[in-house]
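Undergrad:
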Amino acid sequence: MCYAIPGKVVGIRGRNVILEYFSETRNAVNEFFELSEGDYVYAQGGLIVEQIDRIEAERLLSSWKNKFMELKRIDSELSKPPAALEELLDRSLNKEDLIQMLKSNDDRIFAMANALRSARKQNSCCVHGIIEFSNYCINDCKYCGIRKSNRKLVRCRMSKTQLFRNVEYAIKKLGFKAIVLQSGEDEHYTDEMFSEIVEEIAKRFNALIFISCGTRTESFYKKAYDAGARGVLLRFETSNEDLYNSMHPAGSKGSLKERLHMIKYAKKLGYICATGFMVGLPGQTIEDIANDIIMTRNLDADMYSIGPFIPHAETPLRNSKQQNADLWYRTIATARIAHPDANILVTTALETIDKDGLRKGMMCGANSFMINATPDEFAGNYDIYPRDVNLIKSINSKIEVIKSIGRAPTDISI
Ligand code: SAM
């Protein structure tokens, strides 16, 4: 079991459903089930992904009740606001305010962001498992270890059967209820082939299916949506067009405009959109980061995906300076204070630069996270940036971290 609590249906208006978790309510969308009040479901990212038998749900809930109350107690103890910063919340913040916050040495912004997270999003936490199914990529992004010019990388892609097996393992054995299918921009998977894969996964398993395959085409996203995918993870990487162009050599697919277009198109189709940027790219300024936070909001991101840049030895940016994680924490805290209702993720890259990154990230404004759920034999080759792999150990230790800071697997609502 990964980390999930069943919610009780207490209100239904068309597709919009109100769920109750021990007297706290959340909004969710129901697309796939015939529900009545009193039914029990699992929801992820605001989407109902599974209906469960009432007796089983009541048994699970009674085993969760004391644990849930204890998690609430821990969270409220850890999220008291520092009084002096309260005036920050009285007005909406402009770009200058964000720049000030990003530059400041005032560590109270972390506690402030955490208090806001607790007030607006409670102690809810969604856990998404990423399955990296191909490291082939037609692009040559200067920062990325799986860029096509990295000839040292052993390229591999999962066959349909391998992918199903790995998704099944992640859902049935590891207990994930939200799966992110991630790859390089790999046209081996045609629109039809990929949508068939998604359709089969949607038919066989109860989970929120996210896709993260790069810019691709409108038809790719449309077909995958029709097949049952409901989430897209696609960062714009940086809002600074000159910086973007310098990171993506001419000939690479997906200009900033095209990437932004695809994020907006995915939103229009109805996908839950996770988007954002990298922090610490060489040449990126604090003003760029403020603009990036604003762009994430303007794109109406359902989840903010903001990760630290990590230099990779087999890329042109190998000698770039690794920013310490503090800038990332400050970026997350600033994003939370600027946009209190956002869902903000701790991304997998963070722990590469700070072993305590998940806990610290969740304590400075984030409310959900992604874990690698790629089997070790594949993960070793999916070499975006340097990292250790050991799946089960890593998942268990992350769940323990989350419990230790009082976060419960109730749905985050979007
Ligand atoms: N091909 C898809 C795409 O382009 O969105 C998904 C795979 S891509 C490797 C996933 C993300 O990895 C990118 O959006 C980028 O932000 C991040 N990434 C790539 N290289 C990185 C690096 N050196 N350090 C940190 N993050 C990196």
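Per the working numbering, the sequence shown starts with residue 6, numbered consecutively.
Note that beta-carbon positions come from the ideal geometry of N, C-alpha and C, so glycine has one too.
This structure is a prediction, so every number in the text was calculated from the model and none was measured.
Distance, Cα to Cα, residue 306 vs residue 252?
TA: 23 Å
Undergrad: What separation, rounded to the nearest whole angstrom, lies between the Cα atoms of residue 159 and residue 61?
TA: 45 Å
Undergrad: Quick one: grab the DSSP three-state call for residue 342.
TA: helix
Undergrad: Rounded C-beta distance between residue 152 and residue 144? I'm assuming under 8 Å.
TA: 7 Å
Undergrad: Along the alpha helix (DSSP H) that carries residue 362, what are the first and last residues, could you check?
TA: 362-367
Undergrad: Using the DSSP secondary-structure output, state which residues sit across from residue 31 in a beta bridge.
TA: 24
Undergrad: DSSP three-state call for residue 148: helix, strand or coil?
TA: Three-state DSSP puts residue 148 in coil, outside helix and strand.
Undergrad: Would you list, in sequence order, the uninterrupted beta strand (DSSP E) runs of no fewer than 3 residues that lie entirely inside the stretch 238-314?
TA: 277-280, 308-310
Undergrad: What do you reckon, is the C-beta of residue 254 under 7 Å from a heavy atom of the ligand SAM?
TA: Closer than 7 Å to some heavy atom of the ligand SAM: that does not describe the Cβ of residue 254.
Undergrad: Which residues in the same chain have their Cβ closer than 7 Å to the Cβ of residue 249, if we skip the five residues on either side of it in sequence?
TA: 242, 243, 261
Undergrad: Go through its chain and collect everything with a Cβ distance to residue 296's Cβ below 8 Å, but skip five positions before and after it.
TA: Excluding the 5 residues flanking it on each side, residue 296 has same chain C-beta neighbours closer than 8 Å at 100, 244, 245, in chain order.
Undergrad: According to DSSP, which residues form a beta bridge with residue 375?
TA: 133
Undergrad: Return yes when at least one heavy atom of the ligand SAM lies under 7 Å from the C-beta of residue 407, else no.
TA: no
Undergrad: Which residues bound the alpha helix (DSSP H) around residue 206?
TA: 196-209
Undergrad: When the distance is taken between beta carbons, is residue 340 closer than 8 Å to residue 446?
TA: The requested residue 446 is not part of the displayed model; the chain covers only 6 to 419.
Undergrad: Assuming contact is defined by CB atoms lying nearer than 8 Å, are residue 410 and residue 367 in contact in what I supplied?
TA: yes
Undergrad: Please find out if some non-hydrogen atom of the ligand SAM comes closer than 7 Å to the beta-carbon of residue 226.
TA: Checking the Cβ of residue 226 against the ligand SAM gives no.
Undergrad: Between the stretch 12-21 and the stretch 112-120, do three or more beta carbon pairs fall short of 8 Å?
TA: no
Undergrad: Per the contact definition of three or more C-beta pairs closer than 8 Å, is the stretch 342-351 in contact with the stretch 371-380?
TA: With three or more CB-CB distances shorter than 8 Å, the stretch 371-380 counts as touching the stretch 342-351.
Undergrad: Check this for me: beta carbons of residue 378 and residue 181, under 8 Å apart or not?
TA: yes
Undergrad: Any chance the CB of residue 163 is under 7 Å from a heavy atom of the ligand SAM?
TA: no
Undergrad: For residue 13, list the residues DSSP reports as bridge partners.
TA: 25, 45
Undergrad: Would you say residue 217 touches the ligand SAM, meaning its beta carbon is less than 7 Å from a heavy atom?
TA: yes
Undergrad: Just to confirm, does residue 53 get its C-beta within under 7 Å of one of the non-hydrogen atoms of the ligand SAM?
TA: no
Undergrad: Look at the alpha carbon of residue 212 and the alpha carbon of residue 55, and state the distance between them as a whole number of angstroms.
TA: 7 Å
Undergrad: Residues in the same chain with beta-carbon distance under 6 Å from residue 228, minus the five sequence neighbours each way, listed in chain order, please.
TA: Closer than 6 Å at the Cβ level, and outside the excluded window around residue 228, lie 196, 200.
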